[in-house]
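A short write-up of the structure that comes next.
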Amino acid sequence: MKKTFKLENLDCANCAAKMEKAIGKLDGVNSCSISFMSQKMSIDAEDEMFDDVLSAAQKEIKKVDRACKIVK
Numbered sequence: 156m157k158k159t160f161k162l163e164n165l166d167c168a169n170c171a172a173k174m175e176k177a178i179g180k181l182d183g184v185n186s187c188s189i190s191f192m193s194q195k196m197s198i199d200a201e202d203e204m205f206d207d208v209l210s211a212a213q214k215e216i217k218k219v220d221r222a223c224k225i226v227k
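In my numbering, the protein residues as written are 156 to 227.
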C-alpha cells in the first residue's frame with residue numbers, strides 16, 4: 156500500500172533526507188520519499204503493517220526534528 160502524507164514544520168532539506176533514509180530502513184517499508192519543497196512524504200509499506208510503520212515513522216521523524224509531525 157502506498158500513501159502520501161503532509162508533513163508539518165519540516166525545516167530543512169537535510170532533515171528530510173535523514174528522515175527518508177531512517178524510515179526506509181524500517182521493517183515493512185518498501186520505499187519512502189520525502190519532498191522538502193512540497194512538505195510531503197510518500198510511504199510504500201506492507202498493508203498489514205501500515206499502521207505500525209506509520210507510528211514508527213513518526214518516531215524516526217521526531218528523532219531528527221522534534222517539531223515535525225505527520226498530518227493524517
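Glycine included, every Cβ here is placed at the ideal spot set by N, Cα and C. It should be emphasised that the depicted structure is a prediction, and the values quoted were computed from it without experimental measurement.
For phenylalanine 160 against methionine 192, the beta-carbon gap comes to about 15 angstroms, at or over 8 angstroms, which does not count as contact. In this chain, lysine 217 is not harboured by any beta strand (DSSP E); it is covered by the alpha helix (DSSP H) spanning 205 to 219.
Cβ-Cβ distances below 6 angstroms link lysine 173 to Val219 in the same chain, with the five nearest sequence neighbours on each side left out; the list follows chain order. Assignment of cysteine 170 by DSSP, reduced to helix, strand and coil, places it in the helix class.
Contact between valine 208 and isoleucine 198 holds, with the beta-carbon distance rounding to 7 angstroms and staying under 8 angstroms.
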